[in-house]
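In the numbering used here, the protein residues as written are 3 to 440. Glycine residues also receive a C-beta, built at the ideal position from the N, C-alpha and C atoms. Remarks on the structure that follows.
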Ligand code: COA
């Protein structure tokens, strides 16, 4: 059949799409800004008709009624591979839960556990060859498309057309919904003084010709600014960010020395501002590839001078990093933190950085705020170890760099205390003594 006719036969409305969801179904949507916003916004409209629909998400950007409003909790459950503000808020409702995962295995492992009934994703419009682009993410989306009973895509002219494993042929899709909404964006935050100091420390270690990965969070994005005078950097990253666009435009990233896919910037998803979406649109220099390949530590380690830069919430004096929970409370996810840190160290000249502020402020029971050290003798009860102490390499705060590779516990304690905030160093030494980890 002629492609446009085939396309037209597949067009449905949001109501039609919702009509295909049954009680007990597992529904998976795209990651981050690749989530199916039009359908998710109206999901709650079928609440009277369904029970126990499980929606699997990863870093959802919208605060959708179906999970935010507790009155729908018998109709919908939500399982998240990565929490974001909306799910954190909804968690106490009792119908939201976390799926522990390393991002490169998130899709494969979930599919081994349960076959999805419906995948609802997003795509840019069809080209003349009958291909649509999954646009902003190929983390697990292709795998799910291959296995879901029903595949529905929201086709949006505002989605950038990207290359790589994002291309799907119209024949692989069951239904299309034509939509036209603005994409979710991450705000661009100017680096603080502390970010600049941390960025400078890390920049000293990043050699020209390195392949870099920058993780999610304020600090890694700020570190990008400190790399602007480097030469011939390459990109092999989980998340493609605004900072990488700036580095490419400034000429610091050329990708020409890359050992894996030279000339190309590799990512498994992209999330940022409109500037980022415009940059990756129709840009063959950026390849959005399957997460089970991009984030595989063995693949990452094949890059030249692979350097990973991520951040954490809390680190103990032995080097265990909790980057995803505040005590028992799930905050985000492991994502690719362990994938990329281990991957960088699989590379003979690789380096992996965990960068964090030495302190943060938290609420006190009386409604005030107090400053606490993010370097602690032991992680808070319930804290998830996102990066094992066996895999931590360099740790950086605004007070310096601690190289932990190959160090003993007592060497780590010393090094980590030396980059803790001066106000907490004596206390940390006392606590280390009590724990006999001096
Ligand atoms: N104890 C209690 N609260 C803490 C804390 C601690 N030790 N450390 C930070 N917080 C609070 C902050 O005060 C802040 O609170 P607020 O939202 O009320 O302001 C909040 O936690 C977030 O901290 P912040 O440092 O601003 O987070 P971020 O947006 O920079 O993200 C991570 C940091 C670690 C959560 C994020 O990078 C992440 O999820 N990492 C895991 C995944 C990953 O690294 N993937 C890599 C490849 S993309």
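Residue 141 has its CB no nearer than 7 Å to any heavy atom of the ligand COA.
For residue 215, the enclosing beta strand (DSSP E) covers residues 213-216. C-alpha of residue 423 to C-alpha of residue 362: approximately 10 Å in a straight line.
Relative to the non-hydrogen atoms of the ligand COA, the Cβ of residue 370 never comes closer than 7 Å to any of them.
Taking the Cα positions, residue 269 is about 7 Å away from residue 296.
A Cβ-Cβ distance of about 6 Å is found for the pair residue 54 and residue 79, placing them in contact under the 8 Å criterion. Secondary structure of residue 250 (DSSP, three-state): helix. CA-CA distance, residue 404 to residue 56, rounds to 43 Å.
The three-state secondary structure of residue 31, taken from DSSP, is strand. Secondary-structure assignment with DSSP links residue 56 through a beta bridge to 28 and 79. Checking the DSSP bridge columns, you'll see residue 45 has no partner listed.
For residue 419, the enclosing alpha helix (DSSP H) starts and ends at 411-420. Not a single heavy atom of the ligand COA lies less than 7 Å from the C-beta of residue 63.
Listed in chain order, the alpha helix (DSSP H) runs fully inside the region 241-301 are 244-251, 276-282 and 293-296, counting runs of at least 4 residues. Beyond the five residues adjoining it in sequence on each side, residue 96 comes within less than 7 Å, by CB distance, of 75 in the same chain, given in chain order. Within the region 127-202, the beta strand (DSSP E) runs of at least 3 residues that lie entirely inside it are, in chain order, 133-135, 152-157, 169-171 and 177-180. When the alpha-carbon of residue 433 is set against those of 402, 397 and 380, the nearest one is in 380. At a Cβ-Cβ threshold of 8 Å, residue 70 and residue 88 count as neighbours. Residue 393 sits in coil when the DSSP states are folded into three classes, being neither helix nor strand. Listed in chain order, the non-local C-beta contacts of residue 430 below 6 Å within the same chain comprise 419 and 422, local neighbours out to five positions each way being set aside. Taking 7 Å as the cut-off, one finds at least one heavy atom of the ligand COA near enough to the beta carbon of residue 376. Annotation for residue 232: 208, 210 and 254 place their beta carbon closer than 7 Å to its own, counting only its chain and skipping 5 residues before and after. For residue 351, same chain residues with a beta-carbon under 6 Å away, outside a window of 5 residues either side, are 307 in chain order. The beta-bridge partner set that DSSP reports for residue 316 consists of 324.
Taking the Cβ atoms as the reference, residue 374 lies roughly 6 Å from residue 364, within the contact range of under 8 Å. Listed as beta-bridge partners of residue 235 by DSSP are 255. Of the residues 131, 40 and 29, the one whose Cα lies closest to the Cα of residue 3 is 131. The continuous stretches of alpha helix (DSSP H) do not include residue 23, and DSSP gives it neither H nor E.
Between the ligand COA and the CB of residue 134, the shortest heavy atom gap is not smaller than 7 Å. Listed in chain order, the non-local C-beta contacts of residue 184 below 7 Å within the same chain comprise 160, local neighbours out to five positions each way being set aside. Annotated as distal: residue 294 and residue 33, with beta-carbon spacing of 8 Å or more. A distance below 7 Å between beta-carbons, with the five flanking residues on each side excluded, links residue 19 to the following residues of its chain, in chain order: 41, 122, 154, 177 and 179. Following the DSSP letters along the chain, one finds residue 70 inside the alpha helix (DSSP H) bounded by residues 67-70.
Look at residue 407 here: in three-state DSSP terms it is coil, with no helix or strand label.
A residue is called buried once 16 or more other Cβ atoms fall within 10 Å of its Cβ, and residue 86 is buried on that count.
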